[in-house]
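Every letter in the sequence shown is one number past the one before it in this note's numbering, and letter 27, counting from 1, is 56. Notes follow the structure.
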Amino acid sequence: MVIKMNYSSKMKKTRLENGHLQKNIAEYLEISPFTYSHYETKDNIIPINHLIKFCDFYNVSLDYIFDFNNVKQYDNSINEVNSILAGKRLKEFRKDNKLTQNKLAELLNTNQSVVANYERGRNIIATPFLYEICSKYNISADYLLGKIDSPKYLNNEKI
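Structure below.
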């Protein structure tokens with residue numbers, strides 16, 4: 030499965046709108062400018078912890094950066110991700126869509142134990158898996174990660 034994620038152009042646009050150089054955000058993320066530049070060019074997938082930190086720094090939603098909608102920031106957004114809540118929401122999503130852990134793992138091209146660890150809150154769902162779920166099922170990445178309580182589903186023609 031090849032996931033074509035759409036986030037790099039919004040990251041670059043957001044950074045430039047705020048007058049920052051790549052080295053500025055790289056310092057904030059505690060990575061090298063070289064590593065950060067690869068996120069903007071899509072040479073490397075941005076890890077979820079860096080993406081969350083980026084969004085919090087610029088006060089923008091994950092849904093906006095993923096180009097799912099044009100909502101830069103939800104009114105009720107918080108700057109923290111609770112891995113336990115995120116796990117519960119992933120499990121709720123899975124059950125609402127009548128997916129077993131194995132079926133979701135198959136959809137994401139991973140194994141059941143990875144999904145189980147996400148649902149237990151041991152790990153935050155990886156960027157490509159989050160993107161795949163949200164784009165396929167029209168669910169908000171910010172909602173799934175517990176950054177907002179509503180809206181749960183995306184209501185935008187971009188999806």
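Glycine is no exception: its CB is placed at the ideal position from the N, C-alpha and C atoms. As the structure is a computational prediction, the values presented were derived from the model and not from experiment.
Please tell me whether residue i and residue j are closer than 8 Å, where the distance is taken between their beta carbons.
i: residue 90; j: residue 103; result: yes
i: residue 174; j: residue 100; result: no
i: residue 92; j: residue 171; result: yes
i: residue 68; j: residue 40; result: yes
i: residue 75; j: residue 156; result: yes
Taking just the CA atoms, how far does residue j sit from residue i?
i: residue 59; j: residue 184; result: 34 Å
i: residue 182; j: residue 163; result: 9 Å
i: residue 146; j: residue 152; result: 6 Å
i: residue 35; j: residue 95; result: 5 Å
Could you give the DSSP three-state label for residue i: helix, strand or coil?
i: residue 19; result: This structure gives no information on residue 19, because the portion of the chain shown stretches from 30 to 188.
i: residue 147; result: helix
i: residue 41; result: helix
i: residue 152; result: coil
i: residue 50; result: coil
i: residue 173; result: helix
Who does residue i pair with in a DSSP beta bridge?
i: residue 168; result: 182
How about residue i: is its C-beta nearer than 8 Å to some C-beta of chain C?
i: residue 67; result: Considering every chain present, this structure includes no chain C. It has just one protein chain.
Please list the segments of the alpha helix (DSSP H) lying wholly inside the region 55–140, counting only runs of 4 or more residues, in order along the chain. 62–69, 77–87, 91–94, 112–125 and 130–137
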